[in-house]
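Protein chains in written order, with our numbering: chain A, 1 to 545; chain B, 1 to 179.
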């Protein structure tokens with residue numbers, strides 16, 4: 001035995017620093033040097049570390065014991081304070097609580113023992129190791145799944161459990177928080193709360209920070225996550241491809257002694273005899289092959305209103321000449337002072353377009369909105385009840401000349417001070433190009449303005465403002481340049497659950513009495529209503545990305 | 001028994017005999033109980049997968065430690081790049097030292113620890129259990145007592161060294177009593 005006097009104080013400090021995690025690199029080198037050259041110190045070090053381990057295990061056992069004691073207390077109190085009241089149909093439960101207490105206690109003790117089984121090495125335990133393994137994963141989502149008999153996710157998903165999916169999509173959540181989508185046919189073995197082996201098939205993994213280090217093994221290597229989303233595909237012969245969607249992974253081919261290779265976003269590689277071989281250009285090309293999210297099957301019915309402005313429609317907002325434009329409502333809080341025959345609207349039937357003349361008004365700070373031009377439709381007329389996704393699209397054949405803060409586009413909202421709108425505005429001074437924008441207005445003032453890109457005067461544009469799965473975005477297709485861009489907005493919660501929502505188009509020249517004319521060749525609104533007799537979660541055809 | 005059942009039983013027996021020491025080796029490398037749990041679980045599985053490669057003529061524990069060391073190295077690389085760990089050479093050398101510590105010694109140390117903990121001053125015992133009982137225990141103790149974390153670490157060191165001495169004394173007494 002080596003008394004600590006044999007080891008000077010500074011070594012003892014190094015060891016304590018090591019255990020407390022406060023040792024720096026220099027200290028670690030010093031400790032390693034001393035350990036390498038001194039067998040007596042190694043002897044002491046191992047035993048001192050063992051004390052550290054035993055203290056941890058003792059504290060854990062103590063905690064588990066306290067937990068059991070609390071449980072016993074709680075159960076006793078509960079049973080005496082509120083004697084078990086039997087419901088009429090459950091007369092059999094009119095028993096003293098004690099058997100239940102005993103069963104619950106036995107279960108807790110078993111769990112404690114399972115968690116601490118190495119703590120009792122002298123107790124021979126007849127069961128083989130894997131039988132008391134805790135559940136390490138659970139099935140989160142399944143769509144059109146057909147499982148191999150005996151290899152389905154029935155019972156506990158414990159270490160060593162094999163799952164064989166013949167067809168369909170299944171999503172597992174590991175205890176670590178990592179999520180894996182399996183696409184049948186696929187065969188997967190659970191290795192731990194944070195790892196699995198894919199024997200064949202395609203999977204994608206989404207790994208939160210808490211599960212960093214999540215590992216997928218394959219017959220040809222392994223992929224260790226470094227905080228990311230990635231896909232792994234294993235062919236019947238075991239050959240393995242890896243593709244990183246986001247973040248970074250570490251890939252190893254063959255045995256664990258192989259050299260690891262870091263793969264970054266959009267990089268793909270194959271694992272095989274030759275090690276980890278990068279596949280340039282494959283990343284984006286193959287991304288579409290992987291199912292990354294199981295989407296609810298679309299048992300929804302789109303209800304669409306399309307206006308092509310080639311004929312007047314009775315009972316709708318009338319233009320300067322008294323022709324019905326097809327638009328039925330205005331955004332509440334706007335246009336109250338406009339005459340019944342709106343001088344700013346012109347239905348040009350021959351050209352098949354609506355011409356809208358802007359007025360001096362602004363949703364931002366609610367300026368002169370009684371004359372503001374915000375015509376549109378009410379979504380409830382298309383079956384909207386508050387939760388459905390919807391979209392509104394306009395075709396603008398000729399982007400107008402704008403001056404600073406002049407703007408046009410689409411809106412969706414409840415009233416003039418509770419809406420979001422997006423389209424184009426002129427960010428700079430003078431006349432010229434405009435830029436795309438999307439902005440929220442909750443309470444009268446604009447907030448969270450997103451601005452991007454430029455549009456040339458005269459471009460042919462299609463604008464779509466939509467809410468998909470509760471998220472708003474504005475898509476701009478520039479049919480002159482062929483470019484498409486999408487602006488997403490941070491989810492504006494103030495419109496969640498609103499039932500009386502209006503969508504439409506607008507044009508405004510807030511800073512000057514210099515009207516602009518906006519041409520609109522088509523206006524289309526769609527609400528994705530759910531059919532009332534179908535459960536949206538029922539299995540159906542899966543629409544994949 | 002089927003051959004595969006027999007193999008399973010053999011493996012289970014070997015692992016059961018060594019899991020206490022194996023866990024100690026892993027914990028000494030990683031020093032975090034939750035990390036040690038994860039790696040231990042992974043190691044047990046890899047050992048089973050590689051059990052065909054195990055040479056029955058050799059002791060199980062050093063073989064298991066080598067696998068554990070590889071898994072711990074993987075773990076460090078992927079999960080805790082910032083945490084420092086001992087060089088490969090020293091980690092491998094320590095396997096032999098862990099192997100030196102027999103099961104009886106291990107068990108005697110635990111029994112002695114239980115008694116030594118009882119002999120601690122009440123507040124010291126509480127401090128040990130708070131700090132070792134959960135992740136972030138030191139921080140919690142520091143907040144509760146209105147002390148700096150470093151001061152808590154210093155107290156822990158003093159108590160740990162005293163406990164080590166106490167265990168050493170108990171083992172010596174026992175040896176002398178036996179002889």
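All C-beta atoms in this analysis are idealised placements derived from N, C-alpha and C, irrespective of residue type, glycine included.
Same chain, Cβ closer than 7 Å to residue i, neighbours up to 5 away in sequence not counted
i                      : result
residue 115 of chain B : 170
residue 52 of chain A  : 19
residue 27 of chain A  : 14 and 17
residue 429 of chain A : 404
Rounded C-alpha distance that separates residue i from residue j
i                      : j                      : result
residue 47 of chain B  : residue 59 of chain B  : 14 Å
residue 515 of chain A : residue 509 of chain A : 7 Å
residue 134 of chain B : residue 60 of chain A  : 8 Å
residue 240 of chain A : residue 146 of chain A : 24 Å
residue 325 of chain A : residue 461 of chain A : 21 Å
residue 384 of chain A : residue 142 of chain A : 29 Å
residue 112 of chain A : residue 64 of chain A  : Since pLDDT at residue 112 of chain A reaches only 41, below the 50 mark, its modelled position is unreliable, and no value is offered.
residue 127 of chain A : residue 32 of chain A  : Since pLDDT at residue 127 of chain A reaches only 36, below the 50 mark, its modelled position is unreliable, and the value read off the structure follows with that caveat. Their Cα atoms are separated by approximately 40 Å.
residue 283 of chain A : residue 199 of chain A : 22 Å
residue 261 of chain A : residue 67 of chain B  : 21 Å
residue 90 of chain A  : residue 18 of chain A  : Low local confidence applies: a pLDDT of 30 at residue 90 of chain A is under 50, so the model's placement there is unreliable, and no value is given.
residue 52 of chain B  : residue 44 of chain B  : 14 Å
residue 151 of chain A : residue 186 of chain A : 11 Å
residue 16 of chain A  : residue 157 of chain B : 7 Å
residue 169 of chain A : residue 487 of chain A : 31 Å
residue 518 of chain A : residue 307 of chain A : 16 Å
residue 395 of chain A : residue 178 of chain A : 43 Å
residue 295 of chain A : residue 128 of chain B : 50 Å
residue 342 of chain A : residue 470 of chain A : 34 Å
residue 503 of chain A : residue 237 of chain A : 55 Å
residue 440 of chain A : residue 271 of chain A : 48 Å
residue 476 of chain A : residue 409 of chain A : 10 Å
residue 459 of chain A : residue 161 of chain A : 59 Å
residue 289 of chain A : residue 63 of chain B  : 42 Å
Partners in chain A for residue i, counting only beta-carbon separations shorter than 9 Å
i                      : result
residue 143 of chain B : Chain A residues near residue 143 of chain B: none, gap ~18 Å exceeds 9 Å.
Terminal residues of the beta strand (DSSP E) in which residue i lies
i                      : result
residue 550 of chain A : Residue 550 of chain A lies beyond the stretch modelled for chain A, which goes from 1 to 545, so this question has no answer here.
residue 313 of chain A : First-last for residue 313 of chain A: undefined, no H or E at that position.
residue 252 of chain A : 240-253
residue 471 of chain A : 471-478
residue 264 of chain A : 261-264
Close-in-space but distant-in-sequence residues of the same chain around residue i (CB under 8 Å, 5 per side omitted)
i                      : result
residue 164 of chain B : none
residue 337 of chain A : 370 and 371
residue 499 of chain A : 380, 384, 385 and 386
residue 349 of chain A : 309, 310, 311, 312 and 323
Contact list for residue i against chain B, beta-carbon separation under 9 Å
i                      : result
residue 63 of chain A  : 129, 133 and 134
residue 224 of chain A : 74, 77, 78 and 79
Beta-carbon neighbours of residue i, restricted to chain B and to distances below 8 Å
i                      : result
residue 56 of chain A  : 27, 33 and 132
residue 260 of chain A : 77
residue 250 of chain A : 77 and 78
According to DSSP, residues forming a beta bridge with residue i
i                      : result
residue 415 of chain A : A:418
residue 329 of chain A : A:376
residue 423 of chain A : A:409 and A:437
residue 53 of chain B  : Looking at the DSSP assignment, residue 53 of chain B forms no beta bridge with any residue, so it has no partner.
residue 304 of chain A : A:526
residue 147 of chain A : A:165
residue 141 of chain B : Paired residues: none, contrary to the question.
residue 391 of chain A : A:466 and A:526
residue 138 of chain A : A:173
residue 189 of chain A : A:162 and A:197
Same chain, Cβ closer than 6 Å to residue i, neighbours up to 5 away in sequence not counted
i                      : result
residue 233 of chain A : 202 and 241
residue 76 of chain B  : 85
residue 180 of chain A : 172, 203 and 205
8 Å Cβ cut-off: residues of chain A touching residue i
i                      : result
residue 41 of chain B  : 159, 192 and 193
residue 167 of chain B : 51
residue 117 of chain B : 58
Residue i, enclosing alpha helix (DSSP H) - first and last residue
i                      : result
residue 110 of chain B : 103-119
residue 370 of chain A : First-last for residue 370 of chain A: undefined, no H or E at that position.
residue 132 of chain B : 122-133
residue 353 of chain A : That residue, residue 353 of chain A, is in no alpha helix (DSSP H); its beta strand (DSSP E) goes 353-357.
residue 91 of chain B  : 88-100
7 Å Cβ cut-off: residues of chain B touching residue i
i                     : result
residue 48 of chain A : 164
residue 25 of chain A : 84
Interface partners of residue i on chain E, CB under 7 Å
i                     : result
residue 89 of chain B : Structure shown: chain E not included; protein chains present are A and B.
Within chain A, the residues that residue i reaches when beta carbons sit closer than 7 Å
i                     : result
residue 24 of chain B : 50 and 53
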